[in-house]
Amino acid sequence: MRNTEREMLSHGLLPGVIQVPHNGQPIVLMNDAQTTGGYPRIACIIEADMYHLAQAPLGQPIHFVPCTLEEALDARRIQKQYIEQLAWRLHDRG
1 MRNTEREMLS HGLLPGVIQV PHNGQPIVLM NDAQTTGGYP RIACIIEADM YHLAQAPLGQ
61 PIHFVPCTLE EALDARRIQK QYIEQLAWRL HDRG
């Protein structure tokens, strides 16, 4: 008897990609993720929201909201401005 299951070809991965392995439990790849993989990819968390996920308690339900590339880039720009302002304020106190 032949096994008719087929594996997907490996493909490049980035932090934020959500993969679904054979057991059906989604895996979110964080900054320490591998660079290639073969599980189906169902979504990607935008860079500006990765810190939210990193701070979420284990087992907490996660809700996703679709966004456009423009919205993702805008969120990243706002986050970058906030970090720069914070760094400036901390430096100004020193």
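Counted from 1, the sequence shown has number 26 at position 26 by UniProt numbering; the numbering is strictly sequential.
Just so you know, even glycine gets a beta-carbon here, dropped at the ideal spot from N, CA and C.
Assigned exposure category for residue i - 16 Cβ within 10 Å defines buried
i: residue 103; result: Lying before the first or after the last residue shown, residue 103 is absent from the chain, which here runs from 1 to 94.
i: Ala48; result: buried
Identity of the residue in the options nearest residue i by Cα
i: Met30; options: Ile42, Met50 and Gly24; result: Met50
i: Pro22; options: Gly59, Leu73, Leu86 and Pro40; result: Inspection of the sequence shows that residue 22 is occupied by His rather than by Pro. Per the Cα distances, Pro40.
i: Cys44; options: Thr36, Val65 and Gly38; result: Val65
i: Arg77; options: Pro57, Ile46 and Arg93; result: Ile46
Neighbourhood of residue i by C-beta distance below 7 Å, restricted to the same chain and skipping five residues each side
i: Ala33; result: Leu13 and Pro15
Residue i versus residue j: straight-line alpha-carbon distance, rounded
i: Gln19; j: Gly37; result: 9 Å
i: His11; j: Gln85; result: 37 Å
i: Gln60; j: Leu90; result: 33 Å
Own chain residues within Cβ distance below 6 Å of residue i, not counting five before or after
i: Gln79; result: Ala48
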